[in-house]
Each structure stands twice: as C-alpha cells, then as structure tokens.
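Trainee: First the structure, which I've put down as structure tokens, then a few questions once you've had a look.
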Amino acid sequence: MANEWWKTAVIYHIYPRSFQDSNGDGIGDLQGIISKLDYVKKLGVDAIWLSPVYKSPNVDYGYDVSDHRAISEDYGTMTDMEELIFEANQRGLKVILDIVYNHTSDQHRWFLDAKKSKTSRFRDFYHWRPGTPDGPPSDWMSTYNTSAWEFDEKTGEYYLHMNSRRQVDLNWENPNVIHEVKEMMIFWIRKGVSGFRIDQLGHINKKKSLPSYEQYADKEADPHFEIIKDEGAHPYVHHLNEAVFSKYSMMTVGESGSATPEEALLYTDPARREVNMVFSFDHLQIEEGDSESDVKVNVVQLKKVMEKWQKTLEEKGWNTLFWCNHDEPRIVTRFGDEGEHCAASAKMLAATLHMMKGTPYIYQGEEIGMTNADFEGIEEFRDSKSITEFHQRHYEQNEEKESVLADLNKRSRDQARTPMQWDDGKNAGFTEGEPWIKVNNNYLSVNVQQNLDDPESVFWFYHKLIHIRKTEPVVTEGTFDLMAPDHPSVFAYTRTGGGEVLLVISHFGKKPVSFAVDREQISGLSGHLLLSNYTVEDDASALEKPFELRPYETRIYLFKETEKER
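Position one of the sequence shown corresponds to residue 10 (this note's numbering), numbered consecutively onward.
This is the structure we're talking about:
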C-alpha cells in the first residue's frame, strides 16, 4: 500500500511574496521562508505548500510561468530553493510545489517561438485558430471578463487564453506538451519535493467544437467553467499518475474550483488513479446571512454543502479541508467577527473545519486570526483581476467608485495577500523596506509574537487541534453525521469509529443561543471535553439538557464505550 502520509497530515500554505522578506526589497523570498521554518514547525504541521516561485513576469504573481525550471529573481536562486527543501526536510517538513500546467506566460520561450511563424515547432504547443467575420473564433470569455482570444498580427491568427491574455493555454492534445510537463515534474521530484498542488486541474481539455458561451449563460454554473469542463481531462491526469505521481509516491491535490462532490470523486477515487484530493470552492460560495441576523453566513446552507462533501467522499476518495488560500478573503472577516470576538470566532472556525474527515490546509496568518485589510483606493490594490474589474465597472460602465471599491474590499484576492504579521514593529516585521502591498492596520494587536506569548491565543488553539488530529484516530477515520441540520446558527456534528464518538458544537453567531444535543448519537457512552474556546466544565453530563452557547463558542467532546459496555 502506498504511503498515505497526507491522510494524517496538516499542511501549511505559504504565499512567498507576502510571507517574509530577507533582503529589504519589500518582497517575501525563499531565505525569508527558511528563517521562519522553526515557527512553522512549532505549529505542528507536516508539510508546507508554496505558491509559485518560478521565473515569471508576475502579471498574475507567479501563475504566469516563463520558465518552470528556474526561480524568480524576486524570490532568490535555485540554490536558495535547494536549501529550503533541505532545511524543511531536516525539520520533518515535506515540501509541496504549485504546478501550473494549463497555461504558460506569453514570455515563455515556447510561446515566443510559436509567435514567430505558423511553422514553428512550438506552434502546436498552444491553441491557435483563424478568426471569423465577426472577429474572434468564438464568443468564449476569460476569467477577466474579456474575450478568451487574442489576435496575433504577425501570423494573423488568434490564441486562446482562459485567464489573462498574458497566460496562454497549452494544447494538451500535443504529446510533446505532455512530455514536457512530465519532465518538469520529475525535475522537481529530483530536487526533493514530496507533492504537487495542480492549478486548474480540469481545465486542460478544451472543447474543440467551440460551443457558444451564451448557451450556458442562463444556467446556474459559470459559463466560463462549463465550456472547459469535460471528461476529457481525466485520461491526461490518469496518465500523469501512472508516469509520475504513483511512480514517485507523490502527494497530489488538484484545484477544481467549480467541482461538485461527485466530480471530485472521479478525480480522487483511488481505483481511478488520478489525484489524492481536490480543492473545490463549493463551501465558500454560500450566501450571506440574513441582514437582520447576527450570523454572517447561511449556516443551514453551509452545513448542507459540507455534509454532502463529507458523505460523498467518505468511502472513496479524500477531502481537502480549508477556509482560506491565496485567492480567498480572510475567513474571520467573512464568517466570523473582526471586533471583540475576533479570536473566539477564529478558534470556532478552526475547530469546525479541522475535526472533519480530510486533510486540513492552514493558510499563512490564519493561525493567528488575520483579517481583511481596508484598501482605500484602487492604487492600493495589486491583483490584476481586481484592477481590471475596477476599470470595467467604474470607467466603462460608470458605476460609482465607492460601490466598486466596497465590493473589491470584500472579495479581492489581495485580501489574502497582505504581508504576514510577525510583530508590532515596522511593517509588522515583514520587511525593512517598502512592502509590495500594504500591511493590514491591525498588525499592532494581531501578530505572531502576540500569539506566541499568549497561551490562550488562536495560534495555540490551532496547535491543540493539530494534536487532537494526530492522537485521536476517529478524526482521521471516523464517519461524519450532522446534528441539528436546520439550526440557523449552530453547526454540530459527530465523527464515529472504533468505539468512539467525537462531538463538535460550533456557534456562528454574536448573540448567545440555546442548544440541545441529540442524545441518540452519543447514547450509552461516557465523555469528556477535549477543547473549547471558552471556560467549560470538563464533565459532558452538562449536555443532558439544553445549554447556552456564548458568542462564537465551540466545544469538542470525546465519548467512549465504558468497560461495562464492551
């Protein structure tokens, strides 16, 4: 049986540009990460996942790769990368790299050559089409809400880009593309990495018939994802598994943002030999709570979505557990409280997620309760998507500037990318220079040093959660059952296995609420409190009658069979 270390692991996600700067240029780098490995190890995680550090023009901050086998000068050198892998391994930390295989930068040598002539040997590395009388080959739209086709004057054809026009989609029907991707992966495996996070996992197979974007516009799903969603991606991923992933015992997680649980199962069922798990953003598309309520998110809907993922992948496949990443706003701002209950809500959200079945991912700063920043003008944003949207809505559609900025402040990718808050010193300890993006103003009260000094901090709560995951097999192996599915603010569930029941109770509201446990799910078992973000009696007998949950309170109980019952 393959080494499935990732099933009991917790993975720490680092966005290198914003983690730690070592040379004062205002940009995080590899030496900065090396200097903080002891901190990461202290948290208790098993691996670090690095967002792209490859050579890149940084139109999309690393997701536009111009050389997959070179390190961006912003981050350091290949020697720095080799040192990082070595130092991480010395501390028992595995290294996972981001793989961008759907597209390359328009500055990649393949594309630069492909543009020279229709007879270039790299021409078929990309999707080229002649235009139509109306212009582009089809009405496909990119994620930037612009045409997915860009005209090349020299050769008189259009090339496909489902993202920015500077990110050119690769043609996976060309065997040479597949060969190059495999060789690139093996290059990094030989450097000592232990796994890959694959960007845009299912986007590589494009529909050759170029169906109209409009035919999907009336459906609930985003047309952009519908026109590229295709069973055809699976043979390619399976081939990579056979040739690389399984052969070298690589952990693999694929990003498939619009995937349903059923689609994720196709990728993660071990019998199909594709990837170990996928990232879907299903649970982050939940509606906001009622404007009259003290609860920010529709908890009933959230429970329904999370339950479906837990149940669908319970017997086959594997789940990813995450609230945040480099593209998503901070979860404390979205689902919790930025005010007096900031720490309590951060702990509650952590407990709710980390006790489920799957592999948890902690995004840098999540473990100290970092929140969204306040960007006062478009000049403070760095995300190309946000800047493009601002210009489209404000300058082209005449929407009020304040309205557009308010929207971007809620959901811009830049909210995940403000610098890591290390201490209350200059620039939150991130850099001695001018930060590439603004530091969140709350760094004076929310920072690593403050968390490490306080035994009741968010950091140490995460540390305890990780310890529970590693010492209680029911967290890794137990079945999932939802409790009180229709309760508007309480997310409660059990994990059952090996004669044990783990009970998690989390309140998503600012106001106290009464809650009663369904005793049938813990009938005949004796239990005790494992962890809470408030002072709570250790004795689980208090659960025998309705009790009050305080703002953002969470409790984790463990019940076991008594000797008599055995």
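No residue lacks a Cβ here, since even glycine has one placed at the ideal position from N, Cα and C. Note that the structure is a prediction, hence the values are computed from the model and not measured.
(1) Measure the alpha-carbon distance for residue 333 versus residue 365 and round it to whole angstroms.
(2) Alpha carbon to alpha carbon, what distance is there between residue 387 and residue 405?
(3) Closest to residue 42 by CA distance: which of 88, 93, 271 and 186 is it?
(4) Would you decide whether residue 20 is buried or exposed? Buried here means 16 or more other CB atoms lie within 10 Å of its CB.
(5) Just curious, the alpha helix (DSSP H) that residue 167 is in, first and last residue?
(6) Which first and last residues belong to the alpha helix (DSSP H) in which residue 199 is found?
(7) Between which two residues does the beta strand (DSSP E) carrying residue 206 extend?
(8) Relative to the C-alpha of residue 217, which candidate in 149, 25 and 469 has its C-alpha closest?
(9) If you compare alpha carbons, which of 570, 16 and 566 is closest to residue 534?
(10) Could you give the DSSP three-state label for residue 541: helix, strand or coil?
(11) How would you call residue 120, buried or exposed, if buried means at least 16 neighbouring beta carbons within 10 angstroms?
(12) Please identify the residue among 359, 428, 398 and 424 whose C-alpha is closest to the C-alpha of residue 472.
(13) Hey, could you find the ends of the beta strand (DSSP E) residue 264 is sitting in?
(14) When burial is assigned at 16 or more other CB atoms within 10 Å of the CB, is residue 500 buried or exposed?
(15) Under three-state DSSP, which class holds residue 144?
(16) Could you check what DSSP says for residue 110 in three-state terms: helix, strand or coil?
(17) I need the boundaries of the alpha helix (DSSP H) containing residue 482, first residue and last residue.
(18) Could you work out which residue in 456, 417 and 415 is closest to residue 428 when comparing CA atoms only?
(19) Please list the terminal residues of the continuous alpha helix (DSSP H) segment that includes residue 506.
(20) Between the segment 372-392 and the segment 533-548, are three or more C-beta pairs nearer than 8 Å?
(21) Is it true that the CB of residue 85 sits closer than 8 Å to the CB of residue 40?
(22) Just to confirm my understanding: we take residue 64, look at its own chain, exclude 5 residues before and 5 after, and list those with CB closer than 6 Å. What are they?
Mentor: The short version:
(1) Translated into the one-based positions of the sequence shown, residue 333 becomes position 324. Translated into the one-based positions of the sequence shown, residue 365 becomes position 356. Residue 333 and residue 365: Cα-Cα distance of roughly 16 Å.
(2) Here residue 405 is taken as the residue at index 396 of the sequence shown, counted from 1. Here residue 387 is taken as the residue at index 378 of the sequence shown, counted from 1. If I take the Cα positions, the gap works out to 15 Å.
(3) Counted from its first residue, the sequence shown places residue 42 at position 33. If we check each option's Cα against that of residue 42, 93 comes out closest.
(4) Within the sequence shown, numbered from 1, the residue matching residue 20 stands at position 11. Residue 20 is buried by the Cβ-count criterion.
(5) Translated into the one-based positions of the sequence shown, residue 167 becomes position 158. First-last for residue 167: 166-169, but that is the beta strand (DSSP E), not the alpha helix (DSSP H).
(6) In the sequence shown, the residue the question calls residue 199 occupies position 190. Element bounds for residue 199: 184-200.
(7) Here residue 206 refers to the residue found at position 197 of the sequence shown. Counting along the chain, the beta strand (DSSP E) containing residue 206 begins and ends at 204-208.
(8) The residue labelled residue 217 in the question sits at position 208 within the sequence shown. When each option's Cα is compared against that of residue 217, the closest is 149.
(9) Walking along the sequence shown from the start, residue 534 turns up at place 525. Per the Cα distances, 570.
(10) Counted from its first residue, the sequence shown places residue 541 at position 532. If DSSP states are grouped into helix, strand and coil, residue 541 belongs with the strands.
(11) What you label residue 120 is simply residue 111 of the sequence shown in a count that begins at 1. By the 10 Å Cβ count, residue 120 comes out buried.
(12) As a first step, residue 472 must be located in the sequence shown, where it is residue number 463. Looking at the Cα atoms, 359 is the closest of the given residues.
(13) For the purposes of this step, residue 264 is taken as the residue at position 255 of the sequence shown. It spans 260-264 - the beta strand (DSSP E) in which residue 264 sits, taken as one unbroken run.
(14) Against the sequence shown, residue 500 aligns to sequence position 491. That one is buried.
(15) Your numbering for residue 144 matches position 135 in the sequence shown. Strand.
(16) The sequence position of residue 110 within the sequence shown is 101, counting from 1. Three-state result, residue 110: coil.
(17) Looking up residue 482 in the sequence shown gives position 473. Looking at the DSSP string, the run of the alpha helix (DSSP H) that includes residue 482 is 482-486.
(18) By one-based count along the sequence shown, residue 428 stands at place 419. Of the listed residues, the one whose Cα sits closest to residue 428 is 456.
(19) On the sequence shown, position 497 is the one that residue 506 refers to. Element bounds for residue 506: not the alpha helix (DSSP H) but the beta strand (DSSP E), 499-506.
(20) no
(21) For this step, residue 40 is matched to residue 31 along the sequence shown. For this step, residue 85 is matched to residue 76 along the sequence shown. Going by C-beta atoms, residue 40 is nearer than 8 Å to residue 85.
(22) Locating residue 64 in the sequence shown gives position 55, counting from the first residue. Excluding residues within five positions, the ones whose Cβ falls inside 6 Å are 75, 76, 79 and 81.
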